[in-house]
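Per my numbering, the sequence shown starts with residue 4, numbered consecutively.
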Amino acid sequence: MKKDFSSIITAVVDDEIIFLKRVKSLLEKNLGLKVYAYNNAQEFLSSINEIDFDLLLLDLNLPDLDGITVLTYLKKLKSDIEVIIVTGHATVDSAVEAIKIGANDYLEKPLNKNKLIFTVNNTLEKILLKKENIKLKNILDQRDKDPLDGFIANCQKMVDVTNIIKKIAPLDCNVLIEGETGTGKEMVARAIHNLSKRSKGPFISINCGGFSEELITNELFGHEKEAFTGAHSRRIGLIEAAQKGTLFLDEIGEMPPSVQVKLLKVIEEKRIYRLGSNTPIDLDIRIIAATNRDLKTLVKKRLFREDLYFRLNVVNVRLPKLRERSEDIPILISYFISKYNKQFDKDIRGISNKAISLLLKYDFPGNVRELENIIQRAVALCDGQEIKPEHLPSDITNLNFTNVSTKLLMSLEEIEKNHIKRVLEFTGYDKKATAAILKIPRTTLWRKMKKYNL
Ligand SMILES: Nc1ncnc2c1ncn2[C@@H]1O[C@H](COP(=O)(O)OP(=O)(O)OP(=O)(O)O)[C@@H](O)[C@H]1O
Ligand SMILES: [Mg+2]
């Protein structure tokens, strides 16, 4: 099948006008190329900012500039252009030098039509392949930018979460994300932002538990110059910084009551005042709040305002604990292995069955973050190709035995001997009664007593 080269832009630079015209027409007719012809180097060089050439046929013997100089300059400026050198007999050595600098091939004058088509065709194939690769890479990069890429959600509960995220992201409503520490609340908040029409705007995150009441008010609302002693300049607060974007209020359950009142007012009025200013600023923000505490209980205990709770909890996303989605553990493990393989330049292929079964027994109080840390550590420690129990922290490798007293780790014969002894003692060594309790014939009892020396 004939290839379509019409997307490839070609330049021919040669001072022999007849040669120039002939090459242009041969390439256009036989290969379907769009060809620009130049009879000197300067003219060609001044056009390279406007035209994005893929291929250049360059005569080495030009009157204004030496071809090697043009090529060197070009390779620095536009390294992806493919160049075919055209030379006379006298300049074959220069052609070899040109190939060293980065020319793709060379043609000798006088021109042979078939040789021209053949050589150019080879280079065109290379250019098409390169273009194809760039296109593929762009598709892959696009895929890497998928806001939910790297968010592992395999079990039904997490599939449901993902569906909610996709559904509500474009709606611009406030969202409350609930879940234990390390369950992925911030990841979800960022995904919602990135999937929303605000994705080009800022994502501003603030930890409501990390500040004193005074500091958090200042952080959130900002202040005018001289608003209070020490306010030497105007400061834009985080709420204002989130204009046209998303404000992520992390650990909202820790927000002091007085700040809760102020936040409620902001949400209701959709505007704020900087400290020390009477001029309102209209707001265009979306609020996503997160908490690892049970906000409803805090509301019942009057530690969190109910009206604010309802304003924030327009949509609720509840993230399951890792131990409630243990079927996702193996896939999370392989995801983290490949993530840290890349980071630590390792080539670990997997994890042993023993190590996986130990991890499946563990209850992960720190959820996905804890699992990620465990795998990160294991990848760092592992020198082979498989993660084994010895690469896991000791509180996990000891799990096998922690619930079982080592005193109970005995053979079946020992258990039998102890049990017969116990029953004999109970019956006062009445063999008939003992055999009846053990539901074995008296002869068998007698044999076992002899065997165990009872
Ligand atoms: N579903 C998931 N897929 C992949 N990685 C995840 C997932 N959930 C969480 N993680 C990883 O676990 C770590 C913790 O996630 P994140 O910070 O979003 O949790 P969090 O709920 O905000 O935790 P905290 O309450 O402690 O702030 C991150 O490193 C993140 O990469
Ligand atoms: Mg967090």
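We put the beta carbon where it would ideally sit given N, CA and C, even for glycine.
Cβ-based neighbour list, residue i, same chain, cut-off 8 angstroms, excluding 5 preceding and 5 following
i    : result
I167 : V318, V320
D175 : S199, K200, R201, R289
K424 : Y455, L457
Selected residue, minimal CA-CA separation from residue i, among the options
i    : options                : result
S82  : I88, L74, V89          : L74
K273 : K32, I209, V89, D287   : D287
R201 : F22, L139, A245        : A245
V426 : I418, I440, E416       : I440
N52  : I84, L63, I21, N456    : I84
I199 : K228, E181, K169, E222 : What sits at residue 199 in the sequence shown is Ser, not Ile. With distances taken between Cα atoms, S199 lies closest to K169.
F367 : I351, I332, I340       : I332
Y455 : I418, E217, Q45        : I418
N124 : L110, N136, I137       : L110
K78  : T90, K103, N64, V89    : K103
T282 : D297, V302, H226       : H226
P150 : L139, E189, K342, A40  : E189
L114 : G91, K129, T13, Q159   : G91
L58  : L131, K32, F22, R25    : L131
Q388 : P396, I340, I399, E428 : I340
K228 : V164, R277, F347       : R277
I11  : K32, Y41, F56          : F56
Counted within 10 angstroms of its Cβ, other Cβ atoms place residue i as buried (16 or more) or exposed
i    : result
L252 : buried
S408 : Note that S408 scores 46 on pLDDT, short of 50, meaning its location in the model is unreliable; the coordinates nonetheless yield the value given after this. Exposed.
A192 : buried
K453 : exposed
T72  : exposed
E99  : Sequence inspection shows Val at residue 99; the Glu mentioned does not correspond to that position. Exposed: under 16 other Cβ atoms inside 10 Å.
I242 : buried
E222 : buried
R445 : exposed
H394 : buried
S97  : buried
R352 : exposed
K27  : buried
Pairwise C-alpha distance: residue j and residue i
i    : j    : result
G369 : A194 : 21 angstroms
S236 : G279 : 12 angstroms
F231 : P392 : 59 angstroms
N316 : I270 : 12 angstroms
E373 : I171 : 29 angstroms
L363 : I378 : 13 angstroms
K6   : F47  : 27 angstroms
I291 : D285 : 19 angstroms
M161 : P323 : 8 angstroms
D386 : I180 : 39 angstroms
V262 : K299 : 18 angstroms
I239 : G204 : 16 angstroms
R450 : N401 : 40 angstroms
V16  : N141 : 32 angstroms
D297 : R305 : 13 angstroms
L63  : S49  : 18 angstroms
Y365 : T430 : 44 angstroms
L65  : D18  : 6 angstroms
Y76  : G105 : 11 angstroms
K134 : D152 : 26 angstroms
K342 : A234 : 45 angstroms
A436 : H422 : 14 angstroms
F224 : K129 : 58 angstroms
6 angstroms CB neighbourhood of residue i in its chain, flanking five on each side removed
i    : result
I390 : I354, A358, A381
Q45  : D67
C211 : L252, E254, I255, E257, M258
V302 : E309, Y312
Y338 : I155
L384 : H394
V13  : In the sequence as presented, Val is not what sits at residue 13; that position holds Thr. Excluding positions up to five away in sequence, the list reads L36, V38, L58.
C-beta atoms of residue i and residue j nearer than 8 angstroms
i    : j    : result
N43  : D67  : yes
R177 : R289 : Residue identity check: residue 177 is Asn in the sequence provided, not Arg. In contact: N177 and R289 (Cβ atoms closer than 8 angstroms).
T294 : E327 : no
K434 : L415 : no
L36  : K116 : no
I120 : L34  : yes
T126 : D108 : yes
D265 : T220 : Per the sequence presented here, residue 265 reads as Lys, with Asp not at that position. Going by C-beta atoms, K265 is nearer than 8 angstroms to T220.
V86  : K112 : no
Y39  : I54  : yes
Heavy atom of ligand 4 within 7 angstroms of residue i beta-carbon
i    : result
L335 : Judged by which ligands are present, ligand 4 is missing from the structure shown, whose ligands are ligand 1 and ligand 2.
Sequence-distant residues of its chain with Cβ nearer than 7 angstroms to residue i (five each side left out)
i    : result
I334 : I155, N157
V371 : G185, T186, G187, L325, L335
F206 : R193, H196, G248, T249, F251
E183 : N295, K324, N370
Any C-beta of chain C under 8 angstroms from that of residue i
i    : result
H422 : Absent from the structure is chain C; it holds one protein chain and no more.
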